[in-house]
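To keep things clear, I will list the structure first and then write my remarks on it.
Protein chains: 2
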Amino acid sequence: MTESNKTAIIKDQIYLSTEEKIIVAARKVFTKKGLSGARMQDIADEAGINKALLHYYFRSKDKLFEKIFEEGSKKMFMTVNALVESADLNLFQKIEKIIEAHIQIEIENPYIPAFIMNEANQNPEFIKKFLQDTIKLPIKLVEQIQEGINLGHIRPINPVQLFMNIMSLSAFPFIAKPIFQTSFGITDEQFFMLMEQRKKHVVEFIINAIKL
Amino acid sequence: MTESNKTAIIKDQIYLSTEEKIIVAARKVFTKKGLSGARMQDIADEAGINKALLHYYFRSKDKLFEKIFEEGSKKMFMTVNALVESADLNLFQKIEKIIEAHIQIEIENPYIPAFIMNEANQNPEFIKKFLQDTIKLPIKLVEQIQEGINLGHIRPINPVQLFMNIMSLSAFPFIAKPIFQTSFGITDEQFFMLMEQRKKHVVEFIINAIKL
DNA sequence: GTCTATAGCGAGATAGAC
DNA sequence: GTCTATCTCGCTATAGAC
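Just so you know, the sequences run in chain order A and B.
Just so we're aligned: the first sequence equals residues 2 to 213 in the working numbering.
Just so we're aligned: the second sequence equals residues 2 to 213 in the working numbering.
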């Protein structure tokens, strides 16, 4: 990103290089429309530049998509994974942190869960190769759950099912957002208020479900 | 569907009219690839017929897609909705029936949840118009939850959050199937065994979470 | 009702001027 | 680095023979 680049964009209020403008625009279009649904023209329009420039900065649509998918999936998985495998939280603390962090990230990036799941389903081979370093078995968490059962702190439960529950309760409302909004007849603002409340709700719900 | 039609297809073992073969093929391709990702050629190949025939039976790709989306969304929502709003089940029975039916339908149609959510996110206007008759506020269920709280049968809880929990715990694992399979390193068969177990697991999990 | 051939357009990608 | 113009191909859709 050169200086001449940046200064040319002051009219747009935000001080972004062309490359950054492309990223922002591509993020918006790809996360909404997916790889096959997105059009390079839409991204160019959104960025306020020409189609040819997209190819100048990123060789192809696929390359640009990979960039966006990588940053999106990293954002989603990295924080949660770190918490899932952290060594210095007990089980209940860990569940609380995971859920609060997970839902918070989704509030800030509501399109990402559906975006990732969509591409993961439509192109599993690509995603498996792409995410095999990012997605790991939650060994530490599973151990802690097993330990909690052995010590009689929580009910007997399949750790894998519990892990799926934690992820499901955090992520699904964002994936089903348009369905739930239609069903409940609520605005975006009301939906996000529900999700704010949901942080505490899901933590309590899970603790009540498992604790003895 | 004419007789000559049917008899021409006996070589395929299964006795399907051309129209039915198209539906079956379109269901497979659309649910996997989505509207924008699907190719009419792929559907024709899958059905063992020519592209032109697709247009003969269904005027356009969009029309064919609507057919598939409608049957898919109906299959998913109708049974669950009927249970949600049924008058002759108490709250605990109802939660049990909803979850068992929901997961069972998804075991039989594992691609449908991701299919519906994907299109709902990529084209919310279309979906809202399309599903506004199908998706209703779960009034009866919400009343029963409120009643359970008032009678001291269950903990105080936001009925809307509980409804989202029921749906999340049933649907999300199928949407995140490729992710979970990568994470756990399990086959399709093992995944479906997990989902069979999950029927009872989720019912118990929710009951434990809410009952006093 | 089913096929082959092709029209027609939209989209990704490139050439080349500035 | 950015633009306009254009190439090329793939895809939806239709025409028309059988």
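Glycine included, every Cβ here is placed at the ideal spot set by N, Cα and C.
Close partners of residue 121/B in chain A (Cβ separation under 8 Å): 177, 179, 180. Put simply, the backbone Cα of residue 37/B is about 19 Å away from that of residue 113/A. Annotation: the stretch 106–177 of chain A contains the following complete segments of the alpha helix (DSSP H) (minimum length 4 residues), in chain order: 113–123, 125–132, 140–151, 160–176. Less than 9 Å divides the Cβ of residue 199/B from the Cβ of residue 162/A. The Cβ of residue 115/B sits closer than 9 Å to at least one Cβ of chain A. The C-beta distance from residue 122/A to residue 174/B rounds to 13 Å, too long to fall under 8 Å, and the pair is not in contact. Counting the other CB atoms within 10 Å of its CB gives residue 128/B a total of 16 or more, which places it among the buried residues.
A contact is defined here as three or more CB-CB pairs under 8 Å, and the stretch 193–208 of chain B meets this definition with respect to the stretch 149–165 of chain A. Taking all protein chains shown into account, residue 145/B has 16 or more neighbouring C-beta atoms within 10 Å of its C-beta and is therefore buried.
Within the stretch 148–174 of chain B, 156, 158, 159, 161, 162, 163, 164, 165, 166, 168, 169, 170, 171, 172, 173, 174 place their CB atoms closer than 9 Å to a CB of chain A, listed in sequence order. In the DSSP assignment, residue 80/B falls within the alpha helix (DSSP H) that extends over 62–86. Rounded to whole angstroms, residue 133/B and residue 91/B show a C-alpha spacing of 27 Å. The Cβ neighbour count for residue 171/A, taken over all protein chains shown within 10 Å, is at least 16; the residue is labelled buried. Between the alpha carbons of residue 108/A and residue 201/A lies a distance of about 14 Å. In terms of Cβ geometry, residue 83/A and residue 168/B do not form a close pair [threshold 9 Å]. At a cut-off of 9 Å between beta carbons, residue 37/A contacts chain B.
Going by C-alpha positions, residue 97/B is about 13 Å away from residue 211/B. Put simply, the CB of residue 28/A is far from chain B, with every gap to its CB atoms at 9 Å or more. Taking a Cβ-Cβ cut-off of 8 Å, the neighbours of residue 136/B in chain A comprise 180, 183, 184, given in sequence order. Going by DSSP, residue 212/B is part of no alpha helix (DSSP H) at all; its letter is neither H nor E.
For residue 16/B, there is no enclosing alpha helix (DSSP H), as DSSP marks it with neither H nor E. For residue 46/A, the enclosing alpha helix (DSSP H) begins and ends at 41–48. When rounded, the separation of the alpha-carbon atoms in residue 39/B and residue 116/B is 12 Å. Close partners of residue 210/B in chain A (Cβ separation under 8 Å): 206, 207, 209, 210.
Under the three-state reduction of DSSP, residue 31/B is assigned to helix.
Per DSSP, residue 54/B is one residue of the alpha helix (DSSP H) stretching across 52–58.
Relative to the Cα of residue 111/B, the nearest Cα in the group 32/B, 203/B, 71/B belongs to 32/B.
Around the beta-carbon of residue 61/B, fewer than 16 other beta-carbon atoms lie within 10 Å, marking it exposed. Residue environment analysis places residue 152/B among the exposed positions, since fewer than 16 neighbouring C-beta atoms fall within 10 angstroms of its C-beta. Of the other Cβ atoms in all chains shown, 16 or more fall within 10 Å of the Cβ of residue 120/A; this residue is therefore buried. At a cut-off of 9 Å between beta-carbon atoms, residue 60/B makes no contact with chain A. Straight across, the Cα-Cα distance linking residue 64/A with residue 213/A is about 51 Å.
The Cβ of residue 65/B sits no closer than 9 Å to any Cβ of chain A. Annotated three-state conformation of residue 195/B is helix, per DSSP.
A direct Cα-to-Cα measurement between residue 57/B and residue 143/A gives close to 55 Å. The three-state reading of DSSP puts residue 90/A in coil, since its state is none of H, G, I, E or B.
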